[in-house]
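Chains as they are written, first to last, in the UniProt record's numbering: chain A, 1 to 289; chain B, 1 to 329.
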Amino acid sequence: MTTSLNKPTKVRSLEQRALGGKLALNGVLLFMAIFTLAPLYLMFVLATYAKGHTFDLPVHTWFGTDMPLNYQILLEKANFWRAFWNSTYISIMSVAFTLFFCSLGGYAFAMYEFKGKKIMFGLLLGTVLIPGLLGLVPYYLIMQQIGWVGKPIALYFPGAANAFGIFLMRQYIISSIPKELMEAARIDGCSEFRIYWAVVLPLLGPVMATLGLTTLIGSWNAFSNALVMLREQETFTLPLVLRSLQGLSTTEWGALLLGTSIATIPLLILFVFTSRQLVSGITSGAVKG
Amino acid sequence: MTTTTKKEIQRKSFNWNTFQKDAAPYVFVSPFFILFAIFGLLPIVFSLVLAFSSWNSAAGLSTMKFVGLSNFTYVLAEPEFRTTIYNTLWIAIVSGLPQHMVAIPLAYILHTQVKRFKHFFTAAFLVPYVTSTVAIAIVISVLFSEQRGIVNQFLLWLNDFPILGSIIPDKDGENYIKWTFDRNYTKPLLCILIFWRYFGYNTVLYLAGLQTISSDIYEAAEVDGASRIQQFWYITLPLLRPIAYFATIGTVVGNLNLFDEVLILLSGPPAGGQDHSGETIGYYLYYNAFIANDMGAAAAVAWLLFILVLIITVLTNLAFGRSANSTEA
Numbered sequence: 001m002t003t004s005l006n007k008p009t010k011v012r013s014l015e016q017r018a019l020g021g022k023l024a025l026n027g028v029l030l031f032m033a034i035f036t037l038a039p040l041y042l043m044f045v046l047a048t049y050a051k052g053h054t055f056d057l058p059v060h061t062w063f064g065t066d067m068p069l070n071y072q073i074l075l076e077k078a079n080f081w082r083a084f085w086n087s088t089y090i091s092i093m094s095v096a097f098t099l100f101f102c103s104l105g106g107y108a109f110a111m112y113e114f115k116g117k118k119i120m121f122g123l124l125l126g127t128v129l130i131p132g133l134l135g136l137v138p139y140y141l142i143m144q145q146i147g148w149v150g151k152p153i154a155l156y157f158p159g160a161a162n163a164f165g166i167f168l169m170r171q172y173i174i175s176s177i178p179k180e181l182m183e184a185a186r187i188d189g190c191s192e193f194r195i196y197w198a199v200v201l202p203l204l205g206p207v208m209a210t211l212g213l214t215t216l217i218g219s220w221n222a223f224s225n226a227l228v229m230l231r232e233q234e235t236f237t238l239p240l241v242l243r244s245l246q247g248l249s250t251t252e253w254g255a256l257l258l259g260t261s262i263a264t265i266p267l268l269i270l271f272v273f274t275s276r277q278l279v280s281g282i283t284s285g286a287v288k289g
Numbered sequence: 001m002t003t004t005t006k007k008e009i010q011r012k013s014f015n016w017n018t019f020q021k022d023a024a025p026y027v028f029v030s031p032f033f034i035l036f037a038i039f040g041l042l043p044i045v046f047s048l049v050l051a052f053s054s055w056n057s058a059a060g061l062s063t064m065k066f067v068g069l070s071n072f073t074y075v076l077a078e079p080e081f082r083t084t085i086y087n088t089l090w091i092a093i094v095s096g097l098p099q100h101m102v103a104i105p106l107a108y109i110l111h112t113q114v115k116r117f118k119h120f121f122t123a124a125f126l127v128p129y130v131t132s133t134v135a136i137a138i139v140i141s142v143l144f145s146e147q148r149g150i151v152n153q154f155l156l157w158l159n160d161f162p163i164l165g166s167i168i169p170d171k172d173g174e175n176y177i178k179w180t181f182d183r184n185y186t187k188p189l190l191c192i193l194i195f196w197r198y199f200g201y202n203t204v205l206y207l208a209g210l211q212t213i214s215s216d217i218y219e220a221a222e223v224d225g226a227s228r229i230q231q232f233w234y235i236t237l238p239l240l241r242p243i244a245y246f247a248t249i250g251t252v253v254g255n256l257n258l259f260d261e262v263l264i265l266l267s268g269p270p271a272g273g274q275d276h277s278g279e280t281i282g283y284y285l286y287y288n289a290f291i292a293n294d295m296g297a298a299a300a301v302a303w304l305l306f307i308l309v310l311i312i313t314v315l316t317n318l319a320f321g322r323s324a325n326s327t328e329a
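Right, dumping it as structure tokens:
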């Protein structure tokens with residue numbers, strides 16, 4: 001018990017040292033957070049300043065009043081909301097098809113025993129290693145042959161059943177859906193597709209959110225594929241329209257930054273509410289479940 | 001023997017229920033294999049044929065001619081191609097290494113020191129990853145604008161300090177840095193952009209890796225008197241190896257395929273920066289295919305890129321002490 005007399009002072013000094021270190025480390029984190037957020041904050045701020053004030057010094061740190069003006073210019077220079085709708089449509093279709101195909105495939109790999117399953121799954125995982133640029137040229141030619149160049153379907157359909165999604169679904173289904181459920185449904189006279197549709201699918205909420213989110217982000221931001229596939233202004237997605245605005249001889253910075261802001265806001269809002277799902281989507285491939 | 005009799009029995013008494021049960025898994029996985037065959041495998045086989053052919057794409061498939069290795073010899077003899085290989089590797093290393101050197105300690109700090117704001121910080125670091133390349137590139141071109149961009153203004157301001165001023169490239173304040181043009185700065189600019197975009201993504205990966213390390217190991221080490229630095233060096237780093245492997249491969253492959261950023265940021269003139277200084281292999285491929293309309297050369301570039309990716313992946317595997325054909329991450 002005598003040692004307890006000395007203890008408090010020693011503990012306090014340790015605590016103080018830990019506190020100092022903790023503050024320093026949090027400072028590092030805060031610095032990095034500012035580093036990532038500042039450019040985007042500036043994008044939103046400068047979207048509210050008219051042409052000619054984008055490069056004012058000192059740098060604007062708070063919102064201005066020229067947003068309506070920028071908005072007008074944005075609509076004059078580009079069919080912005082049409083592009084917004086195109087992006088929305090492609091993203092929704094992309095998410096819908098990806099979730100359907102990947103959950104179906106993942107379900108089969110998780111719950112059934114069938115001949116060739118191991119080889120098929122190996123092939124599936126192997127496709128991840130193929131770089132996208134390798135087949136780019138003939139991919140375009142094939143799209144031309146089947147008449148999909150310039151059509152939204154070229155952007156949401158071909159990649160819908162992908163290895164990452166099927167792998168993700170399989171991992172989740174293996175760990176959370178008991179096989180007994182299938183048996184019970186079979187005894188009740190369900191067809192195999194009905195078991196998937198009516199019994200398993202409703203239980204896939206969390207993994208659907210995860211895969212849906214990563215698919216949505218990828219689809220909303222897709223650039224090079226859209227650039228190669230879409231030729232008409234009418235079919236342009238947001239990234240294409242924004243880039244075409246940048247190419248103009250005198251760039252309307254205010255309008256352009258307003259455009260990028262509007263294009264970024266939906267994902268940011270979604271991200272704020274679902275970042276945990278996104279994190280689990282990113283890490284599910286990396287950490288063995 | 002047993003399987004044939006089983007099949008015979010099945011064939012004799014055809015039963016819809018057993019049939020749909022046996023066929024179901026094949027039907028369920030078929031979308032992947034059908035889509036992959038049409039949009040993945042077929043293009044690759046076709047690109048192999050293309051790489052050995054000369055072909056006027058506007059005149060139809062009938063004009064295709066076998067030309068042996070001439071696409072490859074043509075591309076390899078082009079000084080521009082060698083420049084793009086050099087650029088791609090330069091950017092891959094200079095943007096890739098710092099990402100991990102920052103992400104690992106950052107993930108460690110987040111894991112060990114932060115409780116309440118952990119989620120806030122991870123989310124903040126991931127925001128660039130969620131934002132589109134186009135939006136980012138446009139903001140970057142404002143920040144790094146030649147005349148009055150914030151970054152150049154900041155560098156000018158740093159000039160006034162006695163010691164810092166001597167390491168700032170443009171001292172006179174007349175020649176602002178032409179980030180998207182000058183051959184000395186296009187690659188660093190791309191690297192800054194890639195670092196900004198992906199270090200948070202890697203931090204999240206490493207954080208996930210750290211969470212799989214049991215705290216018992218640290219407790220045991222602490223009892224043995226290991227300092228925090230020692231724990232990091234001798235426990236955390238070795239146990240992070242599987243994740244580091246996964247993250248490194250992702251960075252390597254991503255960096256070697258770099259394309260969008262170059263196209264948007266260095267759209268020129270001249271495209272790709274002064275003397276092709278920021279042009280990557282991916283951009284060179286795109287240029288050959290869709291602007292120069294030389295599909296054969298583009299296909300040859302694609303295969304050379306693939307070989308390069310393969311070699312570097314094998315080297316990465318060796319660096320991590322894994323066999324090259326291990327698919328586990």
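Note that the Cβ used here is the ideal one computed from N, Cα and C, for glycine as well.
Original post:
Checking contacts by CB at 9 Å: is Met-43(A) closer than that to chain B?
Top reply: Within the first sequence, numbered from 1, the residue matching residue 43(A) stands at position 43. At least one chain B Cβ lies under 9 Å of Met-43(A).
Subject >> For Phe-66(B), the three-state DSSP class (helix, strand or coil) >> reply: One-based indexing of the second sequence puts residue 66(B) at position 66. Secondary structure of Phe-66(B) (DSSP, three-state): strand.
Original post:
Does the distance from the CB of Leu-168(A) to the CB of Ala-222(A) come in under 9 Å?
Top reply: Locating residue 168(A) in the first sequence gives position 168, where the first residue counts as 1. Locating residue 222(A) in the first sequence gives position 222, where the first residue counts as 1. Going by beta carbons, Leu-168(A) and Ala-222(A) fall outside the 9 Å limit.
Original post:
In or out: Asn-15(B) buried (at least 16 other Cβ within 10 Å) or exposed?
Top reply: Working through the second sequence from its first residue, we reach residue 15(B) at position 15. Exposed is the call here.
Original post:
Fully enclosed by the segment 80-114 of chain A, which alpha helix (DSSP H) runs are 4 residues long or longer?
Top reply: Look at the segment 80-114 of chain A and you find these whole runs of alpha helix (DSSP H), each 4 residues long or longer: 80-111.
**OP:** Kindly list, in the order they appear in chain A, the residues whose Cβ is closer than 9 Å to that of Ser-47(B).
**Re:** To locate residue 47(B), count along the second sequence from 1; it is residue 47. Against chain A, a Cβ distance below 9 Å from Ser-47(B) picks out Leu-134, Gly-135, Leu-136, Val-137, Pro-138 and Tyr-139.
Original post:
Within 10 angstroms of its Cβ, does Ala-263(A) collect 16 or more other Cβ (buried), or is it exposed?
Top reply: On the first sequence, residue 263(A) is found 263 positions in, with the first residue counted as 1. By the neighbour-count rule (16 or more Cβ atoms within 10 Å), Ala-263(A) is buried.
Original post:
For the alpha helix (DSSP H) that contains Pro-31(B), what are its first and last residues?
Top reply: In the second sequence, counting from the first residue as 1, residue 31(B) sits at position 31. Run containing Pro-31(B): 16-36, per the alpha helix (DSSP H) assignment.
Original post:
Would a C-beta distance cut-off of 9 Å place Gly-150(A) and Arg-231(A) closer than the cut-off?
Top reply: Mapped onto the first sequence, residue 150(A) falls at position 150. Mapped onto the first sequence, residue 231(A) falls at position 231. In contact: Gly-150(A) and Arg-231(A) (Cβ atoms closer than 9 Å).
**OP:** Please name the residue, chosen from Ile-119(A), Ile-269(A) and Gly-27(A), that lies closest to Ile-217(A) on a Cα-to-Cα basis.
**Re:** Walking along the first sequence from the start, residue 217(A) turns up at place 217. Considering only alpha carbons, the answer is Ile-269(A).
**OP:** For chain B, find out if any of its Cβ atoms is closer than 9 Å to the Cβ of Phe-55(A); answer yes or no.
**Re:** Locating residue 55(A) in the first sequence gives position 55, where the first residue counts as 1. Residue-level contact check: Phe-55(A) touches chain B, since one or more beta carbons of chain B fall below 9 Å from its beta carbon.
Original post:
Can you tell which of Ile-136(B), Ala-302(B) and Val-142(B) has its C-alpha closest to the C-alpha of Thr-36(A)?
Top reply: Looking up residue 36(A) in the first sequence gives position 36. Checked all of Ile-136(B), Ala-302(B) and Val-142(B); the closest Cα to Thr-36(A) is Ile-136(B).
Original post:
Lys-22(A) touches chain B at which residues, Cβ-Cβ below 7 Å?
Top reply: Residue 22(A) sits at position 22 when you count from the first residue of the first sequence. Within 7 Å of the CB of Lys-22(A), the CB atoms of chain B belong to Gln-113, in sequence order along the chain.
Subject >> Alpha-carbon to alpha-carbon, Asn-317(B) and Ser-323(B) >> reply: Here residue 323(B) refers to the residue found at position 323 of the second sequence. Here residue 317(B) refers to the residue found at position 317 of the second sequence. Unreliable placement is indicated for Ser-323(B), whose pLDDT of 49 sits below 50; the coordinate value is still reported in the next sentence. The C-alpha of Ser-323(B) lies about 6 Å from the C-alpha of Asn-317(B).
**OP:** Scan the segment 75-135 of chain B and note each continuous alpha helix (DSSP H) run of 4 residues or more that stays entirely inside, going in chain order.
**Re:** Along the length of the segment 75-135 of chain B, whole alpha helix (DSSP H) runs at least 4 residues long occupy 79-113 and 118-130, reported in chain order.
Original post:
Under 9 Å, do Ser-240(B) and Tyr-198(B) count as touching if we go by C-beta distance?
Top reply: Here residue 240(B) corresponds to residue number 240 of the second sequence, with the count starting at 1. Here residue 198(B) corresponds to residue number 198 of the second sequence, with the count starting at 1. Going by the sequence as given, residue 240(B) is Leu instead of Ser. Cβ distance not < 9 Å, so Leu-240(B) and Tyr-198(B) don't count as in contact.
**OP:** Flag this pair as yes or no: are the beta carbons of Leu-193(B) and Glu-261(B) separated by less than 9 Å?
**Re:** On the second sequence, residue 193(B) is found 193 positions in, with the first residue counted as 1. On the second sequence, residue 261(B) is found 261 positions in, with the first residue counted as 1. Contact: yes.
**OP:** Under 7 Å Cβ to Cβ from Ser-214(B), same chain only, skipping five residues before and after it: list those, please.
**Re:** By one-based count along the second sequence, residue 214(B) stands at place 214. Excluding its 5 nearest sequence neighbours in each direction, Ser-214(B) has no C-beta neighbour in its own chain below 7 Å.
**OP:** Kindly give me the distance between the Cβ atoms of Leu-50(B) and Pro-138(A), rounded to whole angstroms, as I take these residues to be in contact under 8 Å.
**Re:** The sequence position of residue 50(B) within the second sequence is 50, counting from 1. The sequence position of residue 138(A) within the first sequence is 138, counting from 1. Contact between Leu-50(B) and Pro-138(A) is confirmed by a C-beta separation of about 6 Å, below the 8 Å threshold.
Subject >> the segment 62-69 of chain A contacting the segment 120-137 of chain A, beta-carbon criterion three pairs below 8 Å >> reply: Between the segment 62-69 of chain A and the segment 120-137 of chain A, the count of C-beta pairs closer than 8 Å stays below three; the two stretches do not touch.
Subject >> Limits of the unbroken alpha helix (DSSP H) element including Phe-273(A) >> reply: To locate residue 273(A), count along the first sequence from 1; it is residue 273. In the DSSP assignment, Phe-273(A) falls within the alpha helix (DSSP H) that extends over 253-284.
Original post:
Who pairs with Ser-53(B) in a beta bridge, going by DSSP?
Top reply: As a working note, residue 53(B) is residue 53 in the second sequence. Note: Ser-53(B) sits in a beta bridge opposite Phe-66(B).
**OP:** From the DSSP output, in three-state form, read off Ala-220(B) for me.
**Re:** The sequence position of residue 220(B) within the second sequence is 220, counting from 1. DSSP places Ala-220(B) in helix when its eight states are reduced to three.
Original post:
Between which two residues does the alpha helix (DSSP H) containing Asp-260(B) stretch?
Top reply: Within the second sequence, residue 260(B) is the residue found at index 260, counting from 1. Segment 260-265, the alpha helix (DSSP H) holding Asp-260(B).
Original post:
Going along the chain, which residues of the segment 165-180 of chain A sit with their C-beta nearer than 8 Å to a C-beta in chain D?
Top reply: The chain labelled as chain D is not found among the protein chains of the depicted structure, namely A and B.
**OP:** Output yes if chain B places a C-beta closer than 9 Å to the C-beta of Lys-77(A); else output no.
**Re:** Against the first sequence, residue 77(A) aligns to sequence position 77. It does not: the Cβ of Lys-77(A) has no partner Cβ on chain B nearer than 9 Å.
Original post:
In chain order, which continuous runs of the alpha helix (DSSP H) of length 4 or greater are located wholly inside the segment 104-165 of chain A?
Top reply: Restricting attention to alpha helix (DSSP H) runs no shorter than 4 residues, the segment 104-165 of chain A encloses them at 117-126, 136-145 and 153-156, ordered along the chain.
**OP:** Starting from Ile-130(A), find everything on chain B with Cβ-Cβ shorter than 8 Å and list it in chain order.
**Re:** By one-based count along the first sequence, residue 130(A) stands at place 130. By Cβ distance, chain B contributes Gly-40 and Ile-44.
Subject >> Within-9 Å CB hit, Ala-263(A) to chain B >> reply: Counted from its first residue, the first sequence places residue 263(A) at position 263. So yes, Ala-263(A) belongs to the interface.
Subject >> Stretch-stretch touch, CB-based, cutoff 8 Å, three pairs: the segment 39-54 of chain A with the segment 250-259 of chain A >> reply: Cβ pair count under 8 Å is three or more, so yes.
Original post:
Along the chain, where does the alpha helix (DSSP H) that runs through Val-228(A) open and close?
Top reply: As a first step, residue 228(A) must be located in the first sequence, where it is residue number 228. Note, Val-228(A): alpha helix (DSSP H), 224-229.
**OP:** Quick one: residues in its chain with C-beta nearer than 8 Å to the C-beta of Val-228(A), no 5 flanking neighbours on either side, listed in chain order?
**Re:** For the purposes of this step, residue 228(A) is taken as residue 228 along the first sequence, with counting starting at 1. Cβ neighbours of Val-228(A) within its own chain (closer than 8 Å, five residues either side excluded): Leu-136 and Tyr-140.
Subject >> Rounded separation between Ile-229(B) and Leu-278(A) - CA only >> reply: On the second sequence, residue 229(B) is found 229 positions in, with the first residue counted as 1. On the first sequence, residue 278(A) is found 278 positions in, with the first residue counted as 1. In a straight line, the C-alpha of Ile-229(B) is about 31 Å away from that of Leu-278(A).
Original post:
So, does the CB of Asp-160(B) fall closer than 9 Å to a CB anywhere in chain A?
Top reply: Residue 160(B) sits at position 160 when you count from the first residue of the second sequence. Asp-160(B) has a beta carbon lying at 9 Å or more from every beta carbon in chain A.
Subject >> Rounded C-alpha distance that separates Ala-220(A) from Asn-86(A) >> reply: Numbered from its first residue, the first sequence carries residue 220(A) at position 220. Numbered from its first residue, the first sequence carries residue 86(A) at position 86. Looking at the sequence itself, residue 220(A) is Trp, so the reference to Ala does not match. Distance between the alpha carbons of Trp-220(A) and Asn-86(A) is about 10 Å.
**OP:** Output the boundary residues of the alpha helix (DSSP H) element that contains Gly-218(A).
**Re:** Along the first sequence, read from residue 1 onward, the residue named residue 218(A) stands at position 218. Residues 205-221.
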